[in-house]
Amino acid sequence: MRPLKFAFIGLGQGAAGTIPALAAMPEVDLVAGCDINPAMREGFTSRYAGTKGHASIEELCRDQNVEAVWVATPNRFHCEHAIAAMRAGKHVIVEKPMAITLEEADRMVEVSQKEGVVLLAGHTRSLSIWNRAMRRIIVSGALGAVRAIHIWAYTDWMIRPRTADELDPKQGGGIVFRQGPHQIDTLRLLGGGMLRSVRGMTGRWLEARPVPGYFTAFMEFTDGTVGTIMHNGYGYFVMGSLYPWVVEKRDYDDAKRAQLRRELIHGGRNEDEEKSEFRVGGKNDPAKSAAQYAAVPYPWKPFDLGPVEVACERGIMRPSQWGLEIGDDNGSRDLDLRYLQRPENDPSGGLSLAIVEELHRAVVQGKRAFHTAEWGRATLEAVLAVIRSAEEHREIVLERQVAMPDDYDADMPIGELLAK
Ligand SMILES: NC(=O)c1ccc[n+]([C@@H]2O[C@H](COP(=O)([O-])OP(=O)(O)OC[C@H]3O[C@@H](n4cnc5c(N)ncnc54)[C@H](O)[C@@H]3O)[C@@H](O)[C@H]2O)c1
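In terms of our numbering, the sequence shown opens at residue 139 and continues consecutively.
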């Protein structure tokens with residue numbers, strides 16, 4: 139199996155959490171990194187021996203040694219950088235949100251088709267083993283048809299350090315753009331992909347943060363399946379505290395969250411400096427603490443997605459510490475899914491590994507891609523519909539939805555377990 143020659147553009151906080159897992163994958167040959175900030179390039183090239191540091195997207199595109207690019211620059215650049223890389227013949231994984239307008243997503247779909255390269259959009263929590271296993275159980279029919287899905291998250295997303303663009307909705311800032319894709323991708327995966335309509339509401343409850351920090355939405359699929367999503371990022375309560383096995387190393391404790399919120403209200407925070415601590419080489423660089431909070435096998439945690447409850451005609455499923463709790467006509471049981479985890483230590487809980495695995499299969503092994511540009515566009519359409527529905531106080535009917543084919547993850551060995 140030959141590895142893909144891989145490069146990263148945007149070597150910030152998101153990249154710092156993703157690159158260590160990728161670098162350990164046999165499917166990946168990490169050859170380059172690109173960032174306009176020399177300190178980020180220096181941190182990257184000194185940690186990953188033999189890699190090149192590029193100062194611009196143009197320079198990266200000229201690098202003939204790069205076959206695939208992971209775009210992790212700020213949201214407003216996703217379209218521009220993905221298109222530049224595709225036009226240079228490179229395959230792309232683009233961070234969520236895929237883009238900030240549907241027009242941008244349309245162009246990305248068009249270019250991926252025209253250039254004949256693979257664009258994967260959907261580095262979201264839908265890719266966790268727990269959600270993918272629930273999808274396989276739904277497709278197997280063991281619990282009957284899926285009828286209702288509910289996802290709810292309480293996090294401290296709004297009080298974590300933020301750059302100016304993350305607080306500007308016109309640049310894809312705020313919690314709906316940044317966290318909506320996790321819940322909507324998961325909902326769409328489990329419900330089959332084809333949403334009919336969205337009725338959403340957003341909330342801006344903290345004057346010091348002029349972007350939505352809360353959203354909720356009711357979504358209906360074309361077959362009548364329903365879903366609700368909710369994310370409250372104000373940090374008065376975080377979901378991990380409901381689960382005794384979850385010890386968050388990176389998140390702030392109660393007292394720290396209250397202090398950070400007070401500082402946001404009264405001034406006194408240097409958020410640029412705080413955020414840089416989460417980037418490569420910083421005090422909170424995930425590569426330094428990864429072993430503490432994401433040792434393999436990793437237990438389920440709510441992360442920024444929250445618990446997912448899936449009601450089917452003849453049973454119900456939800457993640458448990460090591461797998462899934464399933465209630466059906468035979469009673470309640472726990473399916474241990476640890477055997478499905480890859481050996482690489484991935485602080486994201488396996489998402490980064492899963493999307494790269496999908497890219498490698500598509501590019502090197504010639505298999506079908508599933509989190510395509512069209513899939514990502516459909517998720518973005520629903521993200522934008524939550525925002526628009528909230529502004530216009532009405533239901534938004536969607537037009538660019540695509541289905542998740544039943545053969546996604548068809549080789550996941552879960553059937554035998556279910557039969558037990
Ligand atoms: N913060 C996270 O934990 C996290 C996790 C997963 C995904 N993401 C995604 O990653 C993306 C970036 O977020 P972040 O939090 O890492 O931000 P960040 O500010 O920490 O990192 C962005 C990096 O991009 C670089 N950059 C900016 N413009 C550039 C350009 N024109 N060319 C090359 N490099 C450029 C910046 O110098 C910076 O190093 C977002 O789309 C976000 O949704 C973030």
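Where is the CB? At the ideal position from N, CA and C, for every residue including glycine. Model, not experiment: these values are computed from the prediction.
Taken atom to atom, the span from the alpha-carbon of residue 261 to that of residue 146 is near 14 Å. Shortest gap from the CB of residue 211 to any heavy atom of ligand 1: under 6 Å.
Remark: three or more beta-carbon pairs, one from each stretch, lie closer than 8 Å, so the stretch 451-470 and the stretch 277-292 are flagged as touching. Three or more beta-carbon pairs separated by less than 8 Å are not found between the stretch 521-533 and the stretch 263-274, which leaves the two stretches without contact. Positions of the alpha helix (DSSP H) runs, each at least 4 residues long and wholly inside the stretch 215-246, are given as 216-225 in order along the chain.
Take the alpha-carbon of residue 187 and the one of residue 168: they are about 9 Å apart.
Non-local C-beta neighbours of residue 447 in its own chain, meaning closer than 6 Å and more than five positions away in sequence, comprise 288, 456, ordered along the chain.
Spanning the alpha carbons of residue 290 and residue 197 requires a straight line of approximately 42 Å. Under the DSSP assignment, residue 324 falls in the alpha helix (DSSP H) whose first and last residues are 313-329. Out of 324, 502, 492, the CA that lies nearest to the CA of residue 550 is found in 492. Not one heavy atom of ligand 1 falls within 6 Å of the beta-carbon of residue 462.
The beta carbon of residue 507 sits closer than 7 Å to those of 256, 258, 496, 500, all from its chain and outside the five residues before and after it, given in chain order.
Under the criterion of beta carbons closer than 8 Å, residue 325 and residue 542 do not qualify as touching, at roughly 11 Å. In this structure, ligand 1 has a non-hydrogen atom nearer than 6 Å to the beta-carbon of residue 175. Closest in alpha carbon position to residue 545, among 505, 536, 489, 518, is 505.
The alpha carbon of residue 378 has as its nearest neighbour, out of 254, 489, 458, 478, the alpha carbon of 458. Straight across, the Cα-Cα distance linking residue 343 with residue 398 is about 16 Å. In the DSSP assignment, residue 337 is bridged to 356. The shortest C-alpha to C-alpha distance from residue 400 to any of 494, 373, 194 is the one to 373.
Using a 10 angstroms sphere on the CB of residue 292, the tally of other CB atoms reaches 16 or more, which defines it as buried. Burial is judged here by how many other beta carbons sit within 10 angstroms of a residue's own beta carbon; residue 295 has at least 16 and is buried. For residue 307, the closest alpha carbon among the candidates 239, 141, 369, 202 is that of 239.
Residue side-chain check: residue 539 keeps its Cβ at 6 Å or more from all non-hydrogen atoms of ligand 1. The alpha-carbon of residue 382 is positioned some 19 Å away from that of residue 473. The criterion of a C-beta distance shorter than 7 Å is not satisfied by residue 485 and residue 437.
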